[in-house]
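Chemist:
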């Protein structure tokens with residue numbers, strides 16, 4: 001079993017691999033990938049492609065394949081979420097809302113292509129799982145936004161992506177693009193289970209921006225389930241969510 | 249007269265029933281958030297600069313080797329309270345990041361709002377004790393978190 005946590009892209013990233021064939025090289029390969037993504041997309045690095053694009057030093061056609069792919073996926077997501085997902089804010093692009101899930105997805109794929117079966121990649125609480133841990137499926141706790149030492153639900157899952165969007169932590173903000181100055185206060189966290197972390201993450205972000213209606217949006221998406229916690233300490237979940245809940 | 253008595257009994261039973269029903273319902277919704285003392289103000293903190301690798305970008309991550317032990321970071325001011333983290337290092341690797349201090353800053357609304365939608369189910373959240381392998385939650389990218397963690401890791405390298 002190999003497990004490591006590193007601080008990259010401004011968040012702790014943890015990778016655990018249970019295959020007996022796992023080596024340090026597998027971990028390094030996945031972490032190096034996150035490092036590369038950060039260098040391309042970080043809006044906090046003046047030298048990143050995204051910063052140069054925002055300063056007008058690069059045109060989209062001059063950007064790398066990765067940047068053009070992310071811009072295309074962002075536009076696709078914007079359309080699929082009726083404009084609730086939007087990387088453009090105050091005239092500049094910040095694709096971090098889509099890059100994270102996309103990077104976790106690709107890092108996990110690198111492990112799969114290396115022949116590994118049982119692992120997870122967790123970047124700041126957004127997770128791709130594959131296979132299982134020891135004799136059970138991966139158990140993922142949904143953190144209580146009122147008390148971060150507690151979980152309010154335990155999922156038992158494999159080969160899915162699990163993403164949570166929320167405002168449990170001050171300083172993080174997801175805003176409604178249609179009302180950018182109004183803080184989202186009535187819901188605290190929205191967890192989405194989807195076919196992979198890229199899909200789960202982008203829809204969790206967009207649905208969170210919709211406020212209370214977001215869980216309805218997830219209900220209507222085939223292949224996705226959601227668990228929303230509101231400011232009244234009540235949870236609302238979609239019709240197929242319970243099949244992911246660990247039965248004790 | 250008899251009708252009046254019967255009516256009074258029925259009304260009385262109904263009142264008692266509804267009181268009991270109301271009470272059992274109220275107790276079925278245990279408040280989960282235990283110690284939220286600070287009122288939630290709606291002042292967002294500034295977006296923190298991602299300090300992951302604030303030094304000059306390199307193309308590969310050098311695997312860092314830390315000394316085994318637990319390292320507690322500095323107490324960092326997150327504006328809405330103080331945070332402090334502890335990094336646990338085993339065999340040269342970070343195996344856990346724990347919170348030493350974290351403010352409970354959510355005030356709980358007393359209004360219970362049922363979500364009316366036939367396909368969706370609503371419940372009061374409840375703490376679970378089952379062991380988990382991973383936790384999903386909103387990203388902690390606050391400047392104070394990164395500051396305290398970086399500090400803990402600096403002592404782990406020394």
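Residue numbers (the working numbering), protein chains in the order written: chain A, 1 to 248; chain B, 249 to 406. Cβ coordinates follow ideal geometry from the N, Cα and C atoms, glycine included. All values derive from a computational prediction rather than experimental measurement.
(1) Give the list of continuous alpha helix (DSSP H) stretches no shorter than 4 residues that lie fully inside the region 75-143 of chain A.
(2) Quick check for students: name the residue ranges of the beta strand (DSSP E) that lie wholly in the region 172-217 of chain A, counting only runs of 3 or more.
(3) Using the Cα positions of residue 31 (chain A) and residue 207 (chain A), report the straight-line distance between them to the nearest angstrom.
(4) Among A:118, A:101, A:69, A:87, whose alpha-carbon lies nearest the alpha-carbon of residue 165 (chain A)?
(5) Could you tell me which chain C residues have their CB closer than 7 Å to the CB of residue 341 (chain B), listed as they occur along the chain?
(6) What number of angstroms, rounded off, separates the C-alpha of residue 237 (chain A) from the C-alpha of residue 127 (chain A)?
(7) Buried or exposed for residue 45 (chain A), going by 16 or more other Cβ atoms inside 10 Å?
(8) What is the rounded straight-line gap between the Cα of residue 133 (chain A) and the Cα of residue 118 (chain A)?
(9) Would you say residue 236 (chain A) faces chain B, with C-beta separation under 8 Å as the test?
(10) Could you tell me whether the region 54-64 of chain A touches the region 108-125 of chain A, where touching means 3 or more Cβ pairs closer than 8 Å?
(11) Quick one: list the residues of chain B neighbouring residue 256 (chain A), beta-carbon separation under 9 Å, in chain order.
(12) Could you confirm whether any beta carbon from chain B is found closer than 8 Å to the beta carbon of residue 166 (chain A)?
(13) Taking C-beta pairs closer than 8 Å, name the residues in chain A that residue 345 (chain B) reaches, listed in chain order.
(14) Can you check which of these residues, A:22, A:228, A:63, is closest to residue 163 (chain A) by C-alpha distance?
(15) At what residue ranges does the region 221-248 of chain A contain a whole run of the beta strand (DSSP E), taking only runs of 3 or more?
(16) Kindly give me the distance between the Cβ atoms of residue 75 (chain A) and residue 64 (chain A), rounded to whole angstroms, as I take these residues to be in contact under 8 Å.
(17) Using C-beta distances below 8 Å, list every residue in its chain close to residue 114 (chain A), excluding the 5 sequence neighbours before and after it, in chain order.
(18) Just tell me which of A:123, A:198, A:235, A:233 has its CA closest to the CA of residue 16 (chain A).
(19) Could you say if the region 88-98 of chain A and the region 217-235 of chain A meet the contact criterion of at least three C-beta pairs nearer than 8 Å?
(20) Using a Cβ-Cβ cut-off of 8 Å (strictly less than) and excluding sequence neighbours within five positions of residue 241 (chain A), which residues of its own chain qualify?
(21) Is the CB-CB distance between residue 144 (chain A) and residue 154 (chain A) below 8 Å?
(22) So, helix, strand or coil for residue 51 (chain A), using DSSP?
(23) Does the beta-carbon distance from residue 344 (chain B) to residue 140 (chain A) come in below 8 Å?
(24) I think residue 317 (chain B) touches residue 334 (chain B), with their Cβ atoms under 8 Å apart; what is that distance to the nearest whole Å?
(25) Can you tell me whether residue 86 (chain A) is buried or exposed? The criterion is at least 16 other CB atoms within 10 Å of its CB, across all chains shown.
(26) Let me confirm a value: residue 3 (chain A) is counted as buried when at least 16 other C-beta atoms fall within 10 Å, else exposed. Which label applies?
(27) Are the CB atoms of residue 372 (chain B) and residue 233 (chain A) nearer to each other than 8 Å?
(28) Residues of chain A with a CB under 8 Å from the CB of residue 372 (chain B): which are they?
(29) Is it right to say residue 149 (chain A) is buried, meaning 16 or more other beta carbons lie within 10 angstroms of its own, or is it exposed?
(30) Taking Cβ positions, are residue 176 (chain A) and residue 185 (chain A) nearer each other than 8 Å?
(31) Mind checking the region 83-109 of chain A against chain B and listing, in chain order, the residues whose C-beta falls within less than 7 Å of any C-beta there?
(32) Taking all protein chains shown into account, decide if residue 247 (chain A) is buried (16 or more other Cβ within 10 angstroms of its Cβ) or exposed.
(33) How big is the Cα-Cα spacing for residue 54 (chain A) and residue 366 (chain B)?
(34) Three-state secondary structure (DSSP) at residue 160 (chain A)?
(35) Helix or strand or just coil, what does DSSP make of residue 230 (chain B)?
Modeler: According to the data block:
(1) 96-113
(2) 187-194
(3) In the first chain, residue 31 (chain A) corresponds to position 31, counting from 1. In the first chain, residue 207 (chain A) corresponds to position 207, counting from 1. Each residue's alpha carbon lies about 29 Å from the other.
(4) As a position in the first chain, residue 165 (chain A) is number 165, starting the count at 1. Of the listed residues, the one whose Cα sits closest to residue 165 (chain A) is A:101.
(5) Considering every chain present, this structure includes no chain C. Its protein chains are A and B.
(6) The residue given as residue 237 (chain A) occupies position 237 in the first chain. The residue given as residue 127 (chain A) occupies position 127 in the first chain. Computed Cα separation, rounded: 19 Å.
(7) What you label residue 45 (chain A) is simply residue 45 of the first chain in a count that begins at 1. Residue 45 (chain A) should be labelled buried.
(8) Numbered from 1 along the first chain, position 133 holds the residue referred to as residue 133 (chain A). Numbered from 1 along the first chain, position 118 holds the residue referred to as residue 118 (chain A). Spanning the two alpha carbons is a distance of roughly 7 Å.
(9) Locating residue 236 (chain A) in the first chain gives position 236, where the first residue counts as 1. Output row for residue 236 (chain A): interface = yes.
(10) no
(11) As shown, chain A starts at 1 and ends at 248. That puts residue 256 (chain A) outside it, with no answer to give.
(12) Sequence index remark: in the first chain, residue 166 (chain A) carries index 166 (1-based). Closer than 8 Å to some Cβ of chain B, the Cβ of residue 166 (chain A) qualifies, so yes.
(13) Residue numbering aside, residue 345 (chain B) sits at position 97 when the second chain is read from its first letter. Going along chain A in sequence order, the residues near residue 345 (chain B) (Cβ under 8 Å) are 5, 12.
(14) Against the first chain, residue 163 (chain A) aligns to sequence position 163. Closest by alpha carbon: A:228.
(15) 225-230, 234-237
(16) Translated into the one-based positions of the first chain, residue 75 (chain A) becomes position 75. Translated into the one-based positions of the first chain, residue 64 (chain A) becomes position 64. Incorrect: roughly 17 Å between the Cβ atoms, too far for contact.
(17) Indexing the first chain from 1 puts residue 114 (chain A) at position 114. Once the five neighbours on either side are set aside, the close Cβ partners of residue 114 (chain A) are 26, 29.
(18) As a first step, residue 16 (chain A) must be located in the first chain, where it is residue number 16. Checking every option, the nearest Cα to that of residue 16 (chain A) belongs to A:123.
(19) no
(20) Counted from its first residue, the first chain places residue 241 (chain A) at position 241. So the qualifying residues of the chain are 193, 225, 226, 227.
(21) Numbered from 1 along the first chain, position 144 holds the residue referred to as residue 144 (chain A). Numbered from 1 along the first chain, position 154 holds the residue referred to as residue 154 (chain A). Contact: no.
(22) The residue labelled residue 51 (chain A) in the question sits at position 51 within the first chain. Residue state, collapsed to three classes: helix.
(23) Position 96 of the second chain, counting from 1, holds the residue named residue 344 (chain B). Position 140 of the first chain, counting from 1, holds the residue named residue 140 (chain A). Cβ atoms of residue 344 (chain B) and residue 140 (chain A): not closer than 8 Å.
(24) Residue 317 (chain B) sits at position 69 when you count from the first residue of the second chain. Residue 334 (chain B) sits at position 86 when you count from the first residue of the second chain. That pair is no contact at about 10 Å.
(25) If you number the first chain from 1, residue 86 (chain A) lands on position 86. Counting Cβ neighbours within 10 Å, residue 86 (chain A) comes out buried, since at least 16 surround it.
(26) As a first step, residue 3 (chain A) must be located in the first chain, where it is residue number 3. Residue 3 (chain A) comes out buried.
(27) Locating residue 372 (chain B) in the second chain gives position 124, counting from the first residue. Locating residue 233 (chain A) in the first chain gives position 233, counting from the first residue. Yes; because the gap between Cβ atoms is below 8 Å, this pair is in contact.
(28) Here residue 372 (chain B) is taken as the residue at index 124 of the second chain, counted from 1. Those are 233, 234, 235, listed as they occur along chain A.
(29) One-based indexing of the first chain puts residue 149 (chain A) at position 149. Label assigned to residue 149 (chain A): exposed.
(30) The residue labelled residue 176 (chain A) in the question sits at position 176 within the first chain. The residue labelled residue 185 (chain A) in the question sits at position 185 within the first chain. Cβ atoms of residue 176 (chain A) and residue 185 (chain A): not closer than 8 Å.
(31) none
(32) The residue given as residue 247 (chain A) occupies position 247 in the first chain. Classification of residue 247 (chain A): exposed, given that the 10 Å Cβ count is below 16.
(33) Taking the first chain and counting its residues from 1, one reaches residue 54 (chain A) at position 54. Taking the second chain and counting its residues from 1, one reaches residue 366 (chain B) at position 118. Distance between the alpha carbons of residue 54 (chain A) and residue 366 (chain B): 45 Å.
(34) Reading the first chain from its first residue, position 160 is the one you call residue 160 (chain A). DSSP places residue 160 (chain A) in coil when its eight states are reduced to three.
(35) There is simply no residue 230 (chain B) to check, as chain B begins at 249 and stops at 406 in what is shown.
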